[in-house]
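Trainee: Just so we're on the same page, the working numbering is the position in the sequence shown counted from 1, plus 982.
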Amino acid sequence: MIGQPAFISIEPTTACNLRCPECPSGLRKFDRPTGNMKLDLFEKILGAIGKQLISIHFYFQGEPYIHPDFLKMIQKAKNQRIMSICSTNGHFLDSETSKATVQSGLDKLIISIDGTSQEVYEQYRVSGNLNQVIEGVKQVVEWKRRLKSKTPYLIIQFLVVRPNEHQIGEIQDMGMRLGVDEVKLKTAQIYDYHNGSALIPEQDLYSRYARQTDGKYQIKNDQLNQCWRMWSGFVVCWDGRVVPCCFDKDAQHQLFKFPDSSMREGWKSVAYVDFRQRLLRSRSEINICQNCTEGTKVWI
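1. Of all the options Lys1198, Gly1008, Val1224, which has the alpha carbon lying nearest to the alpha carbon of leucine 1327?
2. Excluding the 5 residues flanking glycine 1215 on each side, which residues of the same chain have their C-beta closer than 7 Å to its C-beta?
3. As a quick exercise: from Tyr1173, Met1019, His1148, pick the residue whose alpha carbon is nearest that of phenylalanine 1240.
4. Leaving out five residues on either side along the sequence, give the residues of the same chain with a beta carbon under 7 Å from the beta carbon of valine 1102.
5. On the DSSP bridge assignment, give the partners of glutamate 1164 in chain order.
6. What are the start and end residues of the beta strand (DSSP E) that includes methionine 1065?
7. Which residues mark the beginning and the end of the alpha helix (DSSP H) in which glycine 1222 is found?
8. In whole angstroms, what separates the C-alpha of tyrosine 1106 from that of aspartate 1096?
9. Let's test the definition: count the other Cβ atoms within 10 Å of the Cβ of tryptophan 1249 and tell me whether it reaches 16, buried, or not, exposed.
10. Need the endpoints of the beta strand (DSSP E) that lysine 1090 sits in, please.
11. So which of Gln1200, Ala1059, Gln1043 has the shortest CA-CA distance to alanine 1030?
12. I need the DSSP call for threonine 1083, collapsed to helix, strand or coil.
13. How would you call glycine 1110, buried or exposed, if buried means at least 16 neighbouring beta carbons within 10 angstroms?
14. Can you tell me whether proline 1226 is buried or exposed? The criterion is at least 16 other CB atoms within 10 Å of its CB, across all chains shown.
15. What is the DSSP secondary structure of serine 1109, counted as helix, strand or coil?
16. Sorted by chain position, which residues of the same chain lie with C-beta nearer than 8 Å to glutamate 993's C-beta, five sequence neighbours on each side aside?
17. Starting from the Cα of serine 1066, find the closest Cα among Pro1183, Ile1270, Lys1054 and give me that residue.
18. Tell me whether valine 1102 sits in a helix, a strand or coil according to DSSP, three-state version.
19. For threonine 996, write down the residues that DSSP places opposite it in a beta bridge.
20. Could you pull out every unbroken beta strand (DSSP E) segment of at least 3 residues lying fully inside the segment 1192-1249, listed in chain order?
21. Apply the 10 Å Cβ neighbour rule to aspartate 1089 and answer buried if 16 or more other Cβ atoms are within range, or exposed otherwise.
22. Among Thr996, Asp1163, Lys1130, Pro1050, which has the Cα closest to the Cα of leucine 1021?
23. Between which residues of its own chain and aspartate 1232 is the CB-CB distance below 7 Å, once the five residues before and five after are set aside?
24. Apart from the five residues on each side of it in sequence, which residues of its chain come closer than 6 Å, Cβ to Cβ, to threonine 1016?
25. Compare the Cα-Cα distances from glutamate 1025 to each of Arg1128, Gln1057, Asp1186 and report the closest residue.
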């Protein structure tokens, strides 16, 4: 028996201002079409599935704040009492946008800061400006204070890679000084990890991969033939393509397309059922599942 999805991710846009080395948006290496989700498509998604949703994650590929109607999407979700979560690189949070973000009703805002100095930060967040992001954090904190708002719950997320792992203590101190609600450490997914990578941390605790006796690397955690995501929600790309999860960055496993198929029909479609069965049989059959390390994130 298949229930109904309770959580979905929305991709407002595939565009990004940065060029991060392990991101298709940053590398400009999509094989699928790129663009912005139209507001009326988002409204149709809410109309079709909004009443049963607990939360919407407004991120997949791209930088959400590039979308001109992004905060309108947040407001429309809040009008239906759906929890909203956004992840951003933080470069667009000037005073006006930060105020609008707080007023939109966004529940949780994750701002990526992957270094405490510009020299370290830009090794992963290529073309990024650390001072600009820090100023954005300050603006959100200030507008929460001025508007007497408890939301958005503000998180600094630190993607632990070899160039910045020595700054873990410093990012925790920075978070306290800035007045955010939480600092979260996240392990990094590496595409070509088998032969090692200059991004894999030296500290084993913060690495998804372990070096073997032959010098090769493999994923540390056991890859069981199961995945809660396949029965709880999905990702809707900017053009309505529905893919199983956030690991399918290039939409290689399109399960259906909305509104060509209804949400109810697509969720229980032959393609979706077949994908779930393949996963339960052996995740080795599905390329995006072979480098999935769900559950290996480190939280503070």
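No residue lacks a Cβ here, since even glycine has one placed at the ideal position from N, Cα and C. From a predicted model like this one, the values you see are computed outputs, not experimental measurements.
Mentor: Checking against the coordinates, here is how it stands:
1. Since the displayed the chain opens at 983 and closes at 1282, residue 1327 lies outside it and no answer follows.
2. Position 233 of the sequence shown, counted from the start, is the residue given in the question as residue 1215. Excluding sequence neighbours, glycine 1215 sits near Pro987, Ala988, Phe989, Ile990.
3. Sequence index remark: in the sequence shown, residue 1240 carries index 258 (1-based). For phenylalanine 1240, the nearest C-alpha among the options comes from Met1019.
4. The residue you call residue 1102 lines up with position 120 of the sequence shown. Once the five neighbours on either side are set aside, the close Cβ partners of valine 1102 are Pro1145, Asn1146, Gln1149.
5. Here residue 1164 refers to the residue found at position 182 of the sequence shown. Glutamate 1164 pairs with Ile1137.
6. As a working mapping, residue 1065 is identified with position 83 in the sequence shown. Run containing methionine 1065: 1065-1070, per the beta strand (DSSP E) assignment.
7. Residue numbering aside, residue 1222 sits at position 240 when the sequence shown is read from its first letter. Glycine 1222 -> no alpha helix (DSSP H), and no H or E assigned at all.
8. The sequence position of residue 1106 within the sequence shown is 124, counting from 1. The sequence position of residue 1096 within the sequence shown is 114, counting from 1. Taking the straight line joining both Cα atoms gives about 7 Å.
9. As a working note, residue 1249 is residue 267 in the sequence shown. So tryptophan 1249 counts as buried.
10. In the sequence shown, counting from the first residue as 1, residue 1090 sits at position 108. In the DSSP assignment, lysine 1090 falls within the beta strand (DSSP E) that extends over 1090-1094.
11. Residue numbering aside, residue 1030 sits at position 48 when the sequence shown is read from its first letter. Answer by Cα proximity: Ala1059.
12. Position 101 of the sequence shown, counting from 1, holds the residue named residue 1083. In this structure, threonine 1083 counts as helix in the three-state DSSP scheme.
13. Along the sequence shown, read from residue 1 onward, the residue named residue 1110 stands at position 128. The residue in question, glycine 1110, is buried, as its Cβ has 16 or more Cβ neighbours within 10 Å.
14. Against the sequence shown, residue 1226 aligns to sequence position 244. It is buried - the Cβ of proline 1226 has at least 16 other Cβ atoms within 10 Å.
15. Start at 1 with the first residue of the sequence shown, and residue 1109 comes out as number 127. Residue state, collapsed to three classes: coil.
16. The residue given as residue 993 occupies position 11 in the sequence shown. Shown here for glutamate 993: same chain residues with a beta carbon closer than 8 Å to its own, the five before and five after excluded, namely Met1019, Tyr1041, Phe1042, Gln1043, Gly1044, Val1217, Val1218, Cys1219, Trp1220 in chain order.
17. Along the sequence shown, one-based indexing puts residue 1066 at 84. When each option's Cα is compared against that of serine 1066, the closest is Lys1054.
18. Mapped onto the sequence shown, residue 1102 falls at position 120. Three-state DSSP puts valine 1102 in a helix.
19. Taking the sequence shown and counting its residues from 1, the one referred to as residue 996 is at position 14. DSSP, once it has assigned bridges, lists no residue as partnering threonine 996.
20. 1199-1201, 1215-1218, 1223-1225
21. Position 107 of the sequence shown, counted from the first residue, corresponds to residue 1089. Burial call: buried.
22. Residue numbering aside, residue 1021 sits at position 39 when the sequence shown is read from its first letter. Looking only at Thr996, Asp1163, Lys1130, Pro1050, the smallest Cα-Cα distance to leucine 1021 is reached by Pro1050.
23. As a working mapping, residue 1232 is identified with position 250 in the sequence shown. Answer for aspartate 1232: Pro1006, Phe1012, Asp1013, Arg1014, listed in chain order.
24. Walking along the sequence shown from the start, residue 1016 turns up at place 34. Excluding sequence neighbours, threonine 1016 sits near Thr996.
25. The residue given as residue 1025 occupies position 43 in the sequence shown. Minimum Cα distance to glutamate 1025 is reached at Gln1057.
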